[in-house]
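Below you'll find the structure, written out as structure tokens, and then a few comments.
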Ligand code: AMP
Ligand code: ZN
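Numbering (the working numbering), first residue to last: 164 to 632.
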């Protein structure tokens, strides 16, 4: 398998660290202060393709994805209110109630998207002691220092700071991006622990008084606890490269003297109508909102697997419409192979499987792999062997190609009910045969009989299509 490593900016052969075939992964999880939007979901779909690809290659997984329920401030830096605190205040609930509600919606939504749930899903608030001892370790090793409002990481002590993002953190440049706190030794020094003022609802006792963790420390501490001092792959969205992941590396290297993750893999952003997704533009859709508009989560999954994870993906409703049609067409093609007794050469099946595997193993080229599945589905000879092959490939695609979509709501178009579709296709074939035999009365009878059932036929140069009227 080849993956692109953000650290080296290169694709290289992936070999797992451990000899027992287990691959260990850490993924930055959601901040549960609101509904996850479809952009967030794109990043978790990428995580899911990675999981499935590793399993496809015979590896077992130990994968942790955290739930950020404290410490992520409204800016990605160290200023502003804690996102959890802010929502709790606005909704007149406790931050714990907010976290519980949005965590459960998130877990429900990733399952609707057929995203495999990682083996470990730890919450930041349940790991405060681990974070405190991590920070104590950093102070002991000379990387952490105290100010009047918290404990900060001294980036100048870590010579590799900026390596992941390839940014140069000299005094002048960095100050523009990070707010200036006069007690900090460098403007880009970041909070490991914040001392809490009384309005901050979530706070815990620490050697530095009551307070709460900085955002980045949770991932370093939980990664260490669940995956050990070194693990294989760390994932997240590209926005995490310059701050969050740079800081995670600095923390881990500070405490352990070496990095934890060997591979850093990042999912590119989803845009909406070519621009940024943002609440103020009203374009941050949730899965429920897509469903209200007639698109099931599986259609969104299909939409996402048409773009490589390192490419920006522009979300449009036109794109969703064609994803919806394509998914239906693909499923009805697949259905035709089910139980069919046509013969397909063993070499053809092997070639298709090899092409599919090669695409998956080439840095998760899922769009290419999907193309192979389409080729297989379009095979002239209908054969159950093709059906089996496609279901095997669906272990990666995760589209549920052999089953009805549990969230399909729109019943006005073709191929909704596979049994009905099969019946209509048979009638169309009989009608074509009747026309060929110049038996126009029979052809018309079939057309009228279908029309009585609400099925409308359209004859095109490529053949007859149908829809429910
Ligand atoms: P958050 O809940 O804000 O911590 O974000 C959860 C995940 O979604 C992170 O891995 C982000 O990098 C990712 N993310 C945020 N916005 C987008 C977007 N527009 N497209 C893709 N991923 C995103
Ligand atoms: Zn993280």
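All C-beta atoms in this analysis are idealised placements derived from N, C-alpha and C, irrespective of residue type, glycine included.
How is the alpha helix (DSSP H) around residue i delimited, first residue to last?
i: residue 296; result: 291 to 303
i: residue 511; result: 509 to 524
i: residue 503; result: Looking at the DSSP string, residue 503 is not in any alpha helix (DSSP H), and its letter there is neither H nor E.
i: residue 250; result: 246 to 254
i: residue 193; result: Counting along the chain, residue 193 falls outside any alpha helix (DSSP H), and DSSP gives it neither H nor E.
i: residue 451; result: 450 to 455
i: residue 614; result: 603 to 615
i: residue 557; result: 547 to 560
By the 10 Å Cβ neighbour count, where 16 or more other Cβ atoms means buried, how is residue i classified, buried or exposed?
i: residue 247; result: buried
i: residue 622; result: exposed
i: residue 452; result: exposed
i: residue 195; result: buried
i: residue 168; result: buried
i: residue 460; result: buried
i: residue 619; result: exposed
i: residue 171; result: exposed
i: residue 373; result: exposed
i: residue 628; result: exposed
i: residue 386; result: buried
i: residue 414; result: buried
i: residue 491; result: buried
i: residue 173; result: exposed
i: residue 450; result: buried
i: residue 587; result: buried
i: residue 398; result: buried
i: residue 575; result: In this prediction, residue 575 scores a pLDDT of 46, lower than 50, which makes its location untrustworthy; the coordinate-derived value is nonetheless stated afterwards. Residue 575 is exposed by the Cβ-count criterion.
i: residue 517; result: exposed
i: residue 203; result: buried
i: residue 293; result: buried
i: residue 539; result: buried
i: residue 537; result: exposed
Taking 8 Å as the line, does the beta carbon of residue i fall inside it for any heavy atom of the ligand AMP?
i: residue 193; result: yes
i: residue 199; result: yes
i: residue 231; result: yes
i: residue 401; result: yes
i: residue 207; result: yes
i: residue 430; result: yes
i: residue 243; result: no
i: residue 270; result: no
i: residue 202; result: yes
i: residue 434; result: yes
i: residue 471; result: no
i: residue 363; result: no
i: residue 226; result: no
i: residue 235; result: yes
i: residue 440; result: yes
Rounded to whole angstroms, how far is the Cβ of residue i from the Cβ of residue j, which I believe are closer than 8 Å?
i: residue 321; j: residue 380; result: In fact, because the Cβ distance is near 15 Å, the residues do not count as touching under 8 Å.
i: residue 198; j: residue 268; result: 6 Å
i: residue 609; j: residue 597; result: 7 Å
i: residue 234; j: residue 377; result: 6 Å
i: residue 541; j: residue 496; result: 6 Å
i: residue 201; j: residue 478; result: 6 Å
i: residue 277; j: residue 561; result: 4 Å
i: residue 412; j: residue 327; result: 6 Å
i: residue 222; j: residue 280; result: With a Cβ gap of about 17 Å, residue 222 and residue 280 do not count as contacting.
i: residue 209; j: residue 472; result: 4 Å
i: residue 286; j: residue 232; result: 5 Å
Taking 8 Å as the cut-off, is the beta-carbon of residue i closer than that to any non-hydrogen atom of the ligand ZN?
i: residue 408; result: yes
i: residue 411; result: yes
i: residue 416; result: no
i: residue 381; result: yes
Using beta carbons (cut-off 9 Å, strictly below), is residue i in contact with chain B?
i: residue 359; result: The question asks about chain B, but that chain is absent: this structure has only one protein chain.
So residue i is in the beta strand (DSSP E); what residue range does that whole segment cover?
i: residue 205; result: Element bounds for residue 205: not the beta strand (DSSP E) but the alpha helix (DSSP H), 201 to 219.
i: residue 190; result: 185 to 190
i: residue 430; result: 424 to 430
i: residue 414; result: Where residue 414 is concerned, there is no enclosing beta strand (DSSP E), although the alpha helix (DSSP H) it sits in stretches over 409 to 419.
i: residue 228; result: 223 to 228
i: residue 433; result: 433 to 435
i: residue 261; result: Unbroken run through residue 261 is the alpha helix (DSSP H), 258 to 275; no beta strand (DSSP E).
i: residue 376; result: 374 to 376
i: residue 630; result: 626 to 631
i: residue 309; result: 307 to 310
Quick one: does the C-beta of residue i sit closer than 8 Å to a heavy atom of the ligand FMN?
i: residue 549; result: Within the structure as shown, the ligand FMN is missing, the only ligands being the ligand AMP and the ligand ZN.
Under 8 Å: do the region 551 to 571 and the region 227 to 234 share three or more Cβ pairs, one atom per stretch? no
Are at least three pairs of beta-carbons, each pair with one atom in the region 489 to 509 and one in the region 518 to 527, less than 8 Å apart? no
Stretch-stretch touch, CB-based, cutoff 8 Å, three pairs: the region 352 to 367 with the region 242 to 260: yes
Within 8 Å, do at least three Cβ pairs link the region 398 to 407 to the region 304 to 315? no
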